[in-house]
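Colleague:
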Amino acid sequence: MSTSPADVKLPQRSGTVSSAFTRRTSMSDDEAIPETDSSETTTLLLERLRAWKHMCGYLEDYVSATAKVQKSQSKDYEKILKTVNEPLKEGHHFSASAGGVAGLFENIRNNTQGMVNMYLDGEKNLKSGVLPTLERLHKEIKAKSKELNTGASKGAKAVEKARGLTQKHIELLGHNAATFDAAASSKIEAHHDPYLLKRGINYRLHNQVNEENSHRQDILAVQNSFQQFEAHVLQTVQGTLDQFNQHMGGQLERQRAMYADILGTAQRIPPDFEWVNFCVRNDAALVNPDSPPRSFASITFPNMEHRSTQPLIEGTLERRSRAVIKGYSTGYYVVTPARYLHEFKDNDDFRRDPSPELSLYLPDCVVGAIDGIKFSVKGKDVSSGKIGNAFHTNTELSFKAHTPNDAEKWWTVIKDATRGPTLATAAPAIATAAPTLASPTATSPAASASPSNNVSGQALPPTYAEKDTQPAPAAVPAAASTAPVATGAASPTAVLSRTGSTASHYHTSPGGSAVEKS
Numbered sequence: 001m002s003t004s005p006a007d008v009k010l011p012q013r014s015g016t017v018s019s020a021f022t023r024r025t026s027m028s029d030d031e032a033i034p035e036t037d038s039s040e041t042t043t044l045l046l047e048r049l050r051a052w053k054h055m056c057g058y059l060e061d062y063v064s065a066t067a068k069v070q071k072s073q074s075k076d077y078e079k080i081l082k083t084v085n086e087p088l089k090e091g092h093h094f095s096a097s098a099g100g101v102a103g104l105f106e107n108i109r110n111n112t113q114g115m116v117n118m119y120l121d122g123e124k125n126l127k128s129g130v131l132p133t134l135e136r137l138h139k140e141i142k143a144k145s146k147e148l149n150t151g152a153s154k155g156a157k158a159v160e161k162a163r164g165l166t167q168k169h170i171e172l173l174g175h176n177a178a179t180f181d182a183a184a185s186s187k188i189e190a191h192h193d194p195y196l197l198k199r200g201i202n203y204r205l206h207n208q209v210n211e212e213n214s215h216r217q218d219i220l221a222v223q224n225s226f227q228q229f230e231a232h233v234l235q236t237v238q239g240t241l242d243q244f245n246q247h248m249g250g251q252l253e254r255q256r257a258m259y260a261d262i263l264g265t266a267q268r269i270p271p272d273f274e275w276v277n278f279c280v281r282n283d284a285a286l287v288n289p290d291s292p293p294r295s296f297a298s299i300t301f302p303n304m305e306h307r308s309t310q311p312l313i314e315g316t317l318e319r320r321s322r323a324v325i326k327g328y329s330t331g332y333y334v335v336t337p338a339r340y341l342h343e344f345k346d347n348d349d350f351r352r353d354p355s356p357e358l359s360l361y362l363p364d365c366v367v368g369a370i371d372g373i374k375f376s377v378k379g380k381d382v383s384s385g386k387i388g389n390a391f392h393t394n395t396e397l398s399f400k401a402h403t404p405n406d407a408e409k410w411w412t413v414i415k416d417a418t419r420g421p422t423l424a425t426a427a428p429a430i431a432t433a434a435p436t437l438a439s440p441t442a443t444s445p446a447a448s449a450s451p452s453n454n455v456s457g458q459a460l461p462p463t464y465a466e467k468d469t470q471p472a473p474a475a476v477p478a479a480a481s482t483a484p485v486a487t488g489a490a491s492p493t494a495v496l497s498r499t500g501s502t503a504s505h506y507h508t509s510p511g512g513s514a515v516e517k518s
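Each residue of the sequence shown is one higher than the one before, starting from 1 at the first, in our numbering.
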């Protein structure tokens, strides 16, 4: 009859152990002195108890190390707390009311302090709650080991002693039995009678078996109690780890909740909360968005309308380049009350700094005769400062206006600016002293100069003191020297006024008109 695989059962471990134990017991029961060690089981159980004791020690070390880490983390979080413990720098820029950045950092400080206290409590709970339980279990295992070692060693010694006595009489019986076989007629002492020795062996063997059985019962009782004891050990370990999990797991939950509270506090700050409060606190210092922007046209500053800032004449002229090949180039020119002729690239004050390309101090210049729309000025460019001016020489500059009328206006203003400050008082004296001589020079360009010829419509420039001009008393001899001219034949040169800079540039022709020296 075939057997299905389902009917085949694997051997159970308990049956296997029982069969092996039975075979070993049956083999040893046939021998007077078993070959097995009576302390073998005791040694094995003691070794097992040491294993449990070491396991418990490992857990103690684990919990102790965790408690140390808790204390260390508490110190670490104290360091973290110090990073936000100081008041915020420039903290007055943040609102002191709740719900802002200042409140956020107060929340961070409180939660971080909570983490410090939490880790301190964690260390305390582990040392006072979890670790003592493991230490008590460790002591129980040690006590169990000591109990087993004391009781088992005592029983084992009794068994070994009984076996030693039995073995001694068995050897004595063997010796006397061999003597009896060798010499049957020889006399054997009474206490060595094999019969008596056998009975003595029976007595000692019986005591040995009783000791062995007694020791076996003790070991069996201890062995059977191990299952219950190990269950107690495991239950204690499980309860301890449950406490450990409650402390550590709850700690992580609390820490997570603290970080979530920090995040929630930050997220509840309205985006414009700080800015609105800042604007309210600093309303006087911040720019009012409703106020109009500044206008350049409406700005005033001291002396902006001073007479020295108003040009005598300004506009565009053409000037012949010093390189003859290039011809004339256009520029923007201004004659100022300070008696300078400035050249600019254009009249734009905003695109670049309006620094002159050319500057002539007119009292030091010589003005040539006007020729239609052309006239010339000979002088030294002083626009480069003291060092640059040292390398400049007198140069004759040729100008060209747009119309003859414009040329006459420019020439007149420039010519008037070349005169010294005494010229304005000396000229009327000459005109009064020699009225009959005005006709020779009336047609000259110099005689036709008047304030009405100014392009900008301004009067003659004010007089300024100069270094090279003669003092005012010098004008009196000039007027006096003309007195004879009024009654006699006047020289044409008597009516020509000139400064030190123009005296050598002009002379009068025999016909009475002023011409330029060649």
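Glycine residues also receive a C-beta, built at the ideal position from the N, C-alpha and C atoms.
Measuring only the C-alpha atoms, how far is Val69 from Tyr77?
Modeller: If I take the Cα positions, the gap works out to 12 Å.
Colleague: Using 8 Å as the threshold, is the C-beta distance between Thr66 and Thr133 below it?
Modeller: no
Colleague: Taking all protein chains shown into account, do 16 or more other C-beta atoms lie within 10 angstroms of the C-beta of Gln267, making it buried, or fewer, making it exposed?
Modeller: exposed
Colleague: In angstroms, rounded to a whole number, what distance separates the CA positions of Thr112 and Tyr119?
Modeller: The straight-line gap from Cα to Cα measures roughly 11 Å.
Colleague: Tell me whether Leu81 sits in a helix, a strand or coil according to DSSP, three-state version.
Modeller: helix
Colleague: How big is the Cα-Cα spacing for Lys53 and Tyr259?
Modeller: 41 Å
Colleague: How about the segment 39-55 and the segment 213-227: do they share at least three Cβ pairs that are nearer than 8 Å?
Modeller: yes
Colleague: Judging by CA-CA distance, which residue of Ala417, Val280, Asp348 and Pro356 is the nearest neighbour of Leu362?
Modeller: Ala417
Colleague: When we look at the beta-carbon of Asp181 and count the other beta-carbons within 10 Å, is it buried (16 or more) or exposed?
Modeller: exposed
Colleague: So that I know if they touch, is there some Cβ in chain D lying closer than 8 Å to that of Gly100?
Modeller: Included in the structure is just one protein chain, with no chain D present.
Colleague: Taking Cβ positions, are Asn207 and Ala162 nearer each other than 8 Å?
Modeller: Less than 8 Å separates the beta-carbon of Asn207 from that of Ala162.
Colleague: For the alpha helix (DSSP H) containing Lys415, name the first residue and the last one.
Modeller: Pro404 to Thr418
Colleague: Rounded to whole angstroms, how far is the Cβ of Tyr328 from the Cβ of Lys400, which I believe are closer than 8 Å?
Modeller: 6 Å
Colleague: If you follow the alpha helix (DSSP H) that Lys378 is part of, which residue opens it and which one closes it?
Modeller: First-last for Lys378: Lys374 to Gly379, but that is the beta strand (DSSP E), not the alpha helix (DSSP H).
Colleague: Can you name the residues that DSSP bridges to Arg319?
Modeller: Ser329 and Phe399
Colleague: Within the same chain, show all residues whose beta-carbon is closer than 7 Å to that of Ile201, passing over the 5 residues directly before and after it, in chain order.
Modeller: Thr166, His169, Ile170 and Leu173
Colleague: I'd like the list of long-range same chain contacts for Ala177, defined as Cβ closer than 6 Å, with 5 residues on each side in sequence excluded.
Modeller: Setting aside the 5 residues that flank it on each side, Ala177 is surrounded in the same chain by Pro194, each with a C-beta closer than 6 Å to its C-beta; the list follows chain order.
Colleague: Could you check the C-alpha separation between Lys198 and Ala190 for me, to the nearest Å?
Modeller: 13 Å
Colleague: In its own chain, which residues sit with a C-beta less than 8 Å from the C-beta of Asp261, not counting the 5 before and 5 after it?
Modeller: Asn107 and Asn111
Colleague: Which of the three DSSP states is assigned to Ile313 in this structure?
Modeller: The answer is strand: DSSP assigns Ile313 an E or B state.
Colleague: Taking the CB atoms as reference points, tell me whether Arg320 and Ser398 lie closer together than 8 Å.
Modeller: yes
Colleague: By DSSP, does Asp181 sit in helix, in strand, or in coil?
Modeller: helix
Colleague: Is it true that the CB of Phe244 sits closer than 8 Å to the CB of Val159?
Modeller: no
Colleague: Using the C-alpha atoms, what's the distance from Ile299 back to Ser439?
Modeller: Residue placement at Ser439 is flagged as unreliable, the pLDDT there being 35, under the threshold of 50; the coordinate-derived value follows with that caveat. Roughly 51 Å separates the two Cα atoms.
Colleague: Which residue from Phe94, Glu123, Lys127 and Thr83 puts its Cα closest to that of Arg109?
Modeller: Thr83
Colleague: So, for Asn454: in the same chain, excluding its five sequence neighbours on each side, which residues have a beta-carbon less than 7 Å away from its beta-carbon?
Modeller: Because Asn454 carries a pLDDT of 42, less than 50, the predicted location of this residue cannot be relied on, and the following value inherits that uncertainty. Same-chain partners within the cutoff: Leu312, Ile313, Lys409 and Val413.
Colleague: Within the same chain, show all residues whose beta-carbon is closer than 6 Å to that of Gln470, passing over the 5 residues directly before and after it, in chain order.
Modeller: Bear in mind that a pLDDT of 39 at Gln470, under 50, signals an unreliable position, so the number given afterwards is only what the model happens to contain. Taken in chain order, the list of residues that qualify is empty.
Colleague: What does a CB cutoff of less than 6 Å around Trp411 pick up in its chain, not counting 5 residues either side in sequence?
Modeller: Ile370 and Phe375
Colleague: Distance check for Asn347 and Pro292, CA to CA, integer angstroms please.
Modeller: Cα to Cα, the separation comes out at about 28 Å.
Colleague: Name the two residues that bound the continuous beta strand (DSSP E) containing His342.
Modeller: Tyr340 to Phe344
Colleague: Does DSSP put Ser74 in a helix, a strand or coil?
Modeller: helix
Colleague: Going by alpha carbons, who is nearest to Phe350 out of His247, Lys326, His306 and Phe296?
Modeller: Phe296
Colleague: If I'm right that Leu81 touches Val237 with Cβ under 8 Å, what's the distance once you round it to whole angstroms?
Modeller: Actually they do not touch by this definition, with Cβ atoms about 37 Å apart.
Colleague: If you draw a straight line from the alpha carbon of Pro87 to that of Ser72, how long is it in whole angstroms?
Modeller: 26 Å
Colleague: Can His232 and Gly122 be called in contact, C-beta distance under 8 Å?
Modeller: Contact annotation: His232 and Gly122 have beta-carbon atoms that are not nearer than 8 Å.
Colleague: For a quick check, are the C-beta atoms of Ile269 and Val101 less than 8 Å apart?
Modeller: yes
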